[in-house]
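For what it's worth, the UniProt record's numbering labels the leading residue of the sequence shown as 1, then goes sequentially.
Note that beta-carbon positions come from the ideal geometry of N, C-alpha and C, so glycine has one too.
Predicted model, so just to flag it, every value in this text is computed and none were measured.
Take a look at the structure below.
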Amino acid sequence: MIESVATIRPVEASDQKRIRFVVGKAEMEPIAIANRKLYSNPLVISLWIGVSCVFIEYMNWWPKPEHGLLGYLAPLPAFGALSVVLMFAIDWLNRWDFDDRSNHVLRRPDLVDIPTYYSRSPSSGCWILEWGGRFVGMIALDASPDADADEQVTPGSVKKDRSGQVKMTKGTAKVATIRHFHVEEPYRPAGMQNDLLSYALKHAFTVDPKLEGVRATASPLRAYISESLKRHGFRHEKKGARVGALRWQNSVYILDRAQWASLPTE
């Protein structure tokens, strides 16, 4: 029996459609986590019980012992109906921030021509992790002069040469940015995200001495990313944007070359 082998390879032109899909999926994934956190929030549970009791009183659906065992089940439809309403409301409240962010990320210049964009600096790269030919995850590290930029592509802003290739300035920034980082959920307990991040960091710091650090944004709604960053020596740099109905605080982390060099070899 042939054992499956994990491989990390650079993104190719034929991978672009999949990469865009995965990026959009990764940006929307925290909605489910945010919703679950609100479902178990004591205030939301109290609100659900309170509103359900008001509805039961209005409909006169309190238990009726004279109807036997089934009479005690009379309030259940009210609790069920109000739970659906609250679940819909929670998803609606959480969705706006993630929808806007997903649309913004998908319209950034790096996703117009992925292989070209991530070849602007020798430290840049967009890599796919596969196991036995199956997609496991991806990471995109931008060390180009636009590493700190977060603008969207606007009509007419993409310039191409005569051959149809997107024209972009080349060079290496002092601090690179991890723009995209995602691993499929079944592979996270095995720590595949750590292998992917280690590979990207080693490539970035090794090939160009101009690079001084790497920056990444982490969210409490994507705990596996935060844990991987901390494991690789990233330290908190500043607070990021707040997202979701409960305004969860994103954080920006940074790793400098000296800290990376001091990490034990895995």
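Reduced DSSP secondary structure (H/G/I, E/B, other) of residue i
{"i": "Gly191", "result": "coil"}
{"i": "residue 324", "result": "Residue 324 is absent from the model: the chain starts at 1 and stops at 266."}
{"i": "Arg222", "result": "coil"}
{"i": "Val207", "result": "helix"}
{"i": "Phe234", "result": "coil"}
{"i": "Val5", "result": "coil"}
{"i": "Gly240", "result": "strand"}
Other residues of its chain near residue i: CB distance less than 7 Å, five sequence neighbours each side excluded
{"i": "Ser14", "result": "none"}
{"i": "Phe234", "result": "Ala216, Tyr253, Ile254 and Leu255"}
{"i": "Val22", "result": "Met138 and His182"}
{"i": "Leu82", "result": "Trp48, Val51, Ser52 and Phe55"}
{"i": "Pro115", "result": "Val11, Glu12 and Ala13"}
Residue nearest to residue i in terms of C-alpha spacing, selected from the options
{"i": "Ala176", "options": "Tyr118, His182, Val84 and Ile33", "result": "Tyr118"}
{"i": "Ala258", "options": "Gly132, His232 and Gly50", "result": "His232"}
{"i": "Ile8", "options": "Pro75, Leu129, Asp113 and Asn103", "result": "Leu129"}
{"i": "Asp110", "options": "Asp150, Asp99 and Ser40", "result": "Asp150"}
{"i": "Ser198", "options": "Ala173, Leu229, Lys210 and His180", "result": "Leu229"}
{"i": "Arg222", "options": "Lys37, Tyr72, Leu76 and Pro63", "result": "Lys37"}
{"i": "Ser226", "options": "Ile178, Leu263 and Ala143", "result": "Ile178"}
{"i": "Thr169", "options": "Gln152, Ala147 and Val5", "result": "Ala147"}
{"i": "Val44", "options": "Ser4, Glu184 and Phe88", "result": "Phe88"}
{"i": "Arg18", "options": "Ser123, Arg101, Trp127 and Leu93", "result": "Trp127"}
Residues of its chain near residue i, where Cβ-Cβ distance is below 8 Å and the 5 sequence neighbours each way are ignored
{"i": "Arg95", "result": "Ile31"}
{"i": "Arg188", "result": "Tyr224"}
Cβ neighbours of residue i in the same chain (closer than 6 Å, five flanking residues each side left out)
{"i": "Phe79", "result": "Ser52"}
In chain order, which alpha helix (DSSP H) runs of at least 4 residues are fully inside the stretch 8-48? 16-28 and 30-39
Uninterrupted beta strand (DSSP E) stretches inside the stretch 93-174 (no shorter than 3 residues): 125-131 and 134-142
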